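Everything below concerns the one structure shown next.
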Amino acid sequence: MKKKRKAFTLIELIIVIAILGILAAIAIPKYNKSRLQAAETAHKANVEMLKSAARMKILDKDEPFNWPDDKTKDDKKGYVNYLDKWPVVPNGLKIEGNEYKVAYDGKEITVTLVETKKGEEPAKKDGE
1 MKKKRKAFTL IELIIVIAIL GILAAIAIPK YNKSRLQAAE TAHKANVEML KSAARMKILD
61 KDEPFNWPDD KTKDDKKGYV NYLDKWPVVP NGLKIEGNEY KVAYDGKEIT VTLVETKKGE
121 EPAKKDGE
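Below you can see the structure in the form of structure tokens.
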């Protein structure tokens, strides 16, 4: 009479672990690449949205401005009329900066990323 096997052999377990390792070695880099591409796409969309909002402000009143305004902390005079909320810099970007700044010098709209100093709060985002 043959005994029924109730467990996996050591060889079977090693083969399964090796297959899982190979799958992980393929999947993890692809996942990281996808995350970076998503962050870059979100960043580009944020920049275009900020430029579009700046163009609307220029159509209302063509004069130089900075968003968020460093001189006055009253954001209601700035971007709140043109954006529902200030965009957040996506995580995972391989560029420096954690806050968007928009400037218009009378000729050109510039969107840059700036690093908020340690201990300094980023500008208010929702006009709060």
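According to UniProt numbering, the residues represented by the sequence shown are 1 to 128, in order.
Backbone N, C-alpha and C define an ideal beta-carbon position, used for all residues, glycine too.
Note that the coordinates shown come from a computational prediction; the quantities given were computed from them, not determined experimentally.
Given this structure, state the Cα-to-Cα distance separating residue i from residue j, to the nearest angstrom.
{"i": "Phe8", "j": "Gln37", "result": "41 Å"}
{"i": "Met56", "j": "Leu20", "result": "53 Å"}
{"i": "Lys94", "j": "Pro87", "result": "18 Å"}
{"i": "Pro64", "j": "Val89", "result": "24 Å"}
{"i": "Ala24", "j": "Leu59", "result": "52 Å"}
{"i": "Asn32", "j": "Gly92", "result": "9 Å"}
{"i": "Glu96", "j": "Thr116", "result": "10 Å"}
{"i": "Glu128", "j": "Trp67", "result": "Reliability fails at Glu128, whose pLDDT of 38 lies under 50, so the model's placement of it is uncertain and the value that follows must be treated cautiously. About 15 Å."}
{"i": "Val102", "j": "Met49", "result": "11 Å"}
{"i": "Ile14", "j": "Val80", "result": "60 Å"}
{"i": "Ser34", "j": "His43", "result": "14 Å"}
Helix, strand or coil, according to DSSP, for residue i in the structure here?
{"i": "Thr41", "result": "helix"}
{"i": "Leu93", "result": "coil"}
{"i": "residue 129", "result": "Since the first residue shown for the chain is 1 and the last is 128, residue 129 is missing from the structure and cannot be characterised."}
{"i": "residue 129", "result": "The structure shown does not extend to residue 129, since the chain is modelled only from 1 to 128, so the question has no answer here."}
{"i": "Gly21", "result": "helix"}
{"i": "Lys61", "result": "coil"}
What residue does the beta strand (DSSP E) around residue i start on, and which one ends it?
{"i": "Trp65", "result": "Correcting the residue identity first, residue 65 is Phe in this sequence and not Trp. Segment Phe65 to Trp67, the beta strand (DSSP E) holding Phe65."}
{"i": "Leu83", "result": "That residue, Leu83, is in no beta strand (DSSP E); it is neither H nor E in DSSP."}
{"i": "Thr110", "result": "Ile109 to Val114"}
With the cut-off set at 9 Å, would you say residue i and residue j are in Cβ contact?
{"i": "Leu83", "j": "Glu99", "result": "no"}
{"i": "Lys61", "j": "Ile109", "result": "no"}
{"i": "Val47", "j": "Val111", "result": "yes"}
How many whole angstroms separate the CB atoms of residue i and residue j, which I take to be in contact at a CB cut-off of 8 Å?
{"i": "Ala54", "j": "Tyr104", "result": "6 Å"}
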